[in-house]
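Working notes, structure below.
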Ligand SMILES: Cc1cc2nc3c(=O)[nH]c(=O)nc-3n(C[C@H](O)[C@H](O)[C@H](O)COP(=O)(O)O)c2cc1C
């Protein structure tokens, strides 16, 4: 085993929580929860095996309302019946020495109607959402004022369940064009009430979710509870989310004292803005803005130790690793990380069979799939 002193150093969050190293397992859905969306044994083994390698493990997205489901066989967290399974999951992650974080999401205009009892897909506004690798093209129904307040409460209720299950924290999924980002987006949010229009209004939903989650954490957990926030920095639409919007979001999140900011990037080291005219890599740009006020994490094609170290040198505090950790659960036992998933070997690396099948079906990742 080679030593990577920078990656293997501990890291202390602003609330004093110490992570055993600077590797974070990026949130990745497993498509492997039981049919009733409770945690499966395969998921417990999969996450448990990777918790040895990472200081913090973030679960794949879990939906905070029944109609917020973004993936088939996705973790549910919208009712108390999920708590026993979630307890097993948090226990397995913590047994590996990692902090256990559950990603909380509402899929908004990318929710999958076939898994929603009344097929009622909702978002900020009835703006058509294009087809993605995971969701059909569809036009959501706009949430009413009352329903918006219910969704915010659902993030709080999910946080309470995460605490009851023994998780060390939650991550608000504010990225990938799901509901929280739908509200922030000048394209997907066409509301004319207090939840839309000006940037201040478009930020209101995200801020209300953060406030609700913080309030629940203050009531049911202690100061060590971690509250992270995942961000997509820009949208491709001509009138979509821009860097100025997300830089303002970042200021607001720092003011709210979230525990970390987590950028979701195509390539953590090289990705840069496509429409602001500034082509400085995002992690350098954002780390200058953040100026150590809050820990900064990014994910994206970090599949070698050298590149992870470069990302740290370029401004990240922690590196989030996705596919490389799926394929190499015992990360530090490898000199070279591989992105090969072999059908004949998935049992030995505890990749659930349904996850492998979904990865094959979706075909949108950088894994190399072999028989
Ligand atoms: C199989 C798979 C599932 C994913 N599911 C989620 C998810 O549930 N939530 C999320 O925020 N990102 C999700 N992502 C994105 C990852 O968190 C990460 O940002 C992306 O894979 C880039 O990192 P990588 O190149 O190290 O894999 C997923 C990625 C993969 C490969």
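Residue numbers (the working numbering): 1 to 371.
Ideal Cβ positions, reconstructed from N, Cα and C, are used throughout, including at glycine.
Not one heavy atom of ligand 1 lies closer than 6 Å to the C-beta of residue 351. A contact is defined here as three or more CB-CB pairs under 8 Å, and the stretch 236-251 meets this definition with respect to the stretch 273-286. Residue 60 has its CB nearer than 6 Å to a heavy atom of ligand 1. Those residues placing their Cβ nearer than 6 Å to any heavy atom of ligand 1 are, following chain order, 26, 27, 28, 29, 60, 61, 103, 173, 175, 176, 230, 264, 299, 300, 301, 302, 321, 322, 323, 324, 359 and 365. As computed with DSSP, residue 123 is found in a beta bridge with 142. Here residue 120 has 67 as same chain residues with Cβ atoms under 6 Å from its own Cβ, once five neighbours each way along the sequence are excluded. A distance below 6 Å between beta-carbons, with the five flanking residues on each side excluded, links residue 137 to the following residues of its chain, in chain order: 130 and 131. Put simply, the backbone Cα of residue 330 is about 29 Å away from that of residue 174.
Rounded to whole angstroms, the gap between the alpha carbons of residue 19 and residue 98 is 7 Å. For the pair residue 229 and residue 171, the Cα-to-Cα distance works out to about 5 Å.
Assignment of residue 297 by DSSP, reduced to helix, strand and coil, places it in the strand class.
With 16 or more neighbouring CB atoms inside 10 Å of its own CB, residue 168 falls in the buried class. Counted as a single uninterrupted DSSP element, the beta strand (DSSP E) harbouring residue 340 occupies residues 340-342. Judged by DSSP in its simplified three-state form, residue 230 adopts strand. DSSP, read as helix, strand or coil, puts residue 281 in strand.
Secondary structure at residue 78: coil, using DSSP grouped into helix, strand and coil.
Boundaries for residue 181: no beta strand (DSSP E) harbours it, while the alpha helix (DSSP H) harbouring it runs 179-184, taken from the DSSP string. In this model, residue 221 and residue 57 are separated by some 19 Å (Cα to Cα). Non-local beta-carbon contacts of residue 93 in its own chain, meaning distances under 7 Å to residues more than five positions away in sequence, involve 47, 48, 51, 57 and 100 in chain order. Residue 293 holds the alpha-carbon nearest to the alpha-carbon of residue 250 among 293, 74, 218 and 281. Within 10 angstroms of the beta-carbon of residue 260 lie 16 or more other beta-carbons, which makes it buried. Taking all protein chains shown into account, residue 38 has 16 or more neighbouring C-beta atoms within 10 Å of its C-beta and is therefore buried.
For residue 91, same chain residues with a beta-carbon under 7 Å away, outside a window of 5 residues either side, are 166 in chain order. The Cβ atoms of residue 206 and residue 179 lie no closer than 7 Å to each other.
Put simply, the stretch 136-152 does not touch the stretch 360-368. Fewer than three CB pairs are less than 8 Å apart.
When rounded, the separation of the alpha-carbon atoms in residue 4 and residue 346 is 27 Å. Residue 171 is bridged by DSSP to 103 and 228.
Distance check between residue 193 and each of 143, 218, 161 and 343 places 143 closest, using alpha-carbon atoms only. Here the C-alpha atom of residue 279 lies approximately 39 Å from the C-alpha atom of residue 216. Residue pairing of residue 11 in beta bridges, as defined by DSSP: 19. For the stretch 232-274, the continuous beta strand (DSSP E) assignments of 3+ residues that do not extend past its boundaries occur at 260-264, in sequence order. For residue 343 and residue 149, the gap between their C-alpha atoms comes out near 45 Å. Check the Cα spacing between residue 17 and each of 36, 208, 117 and 227: the tightest is with 227.
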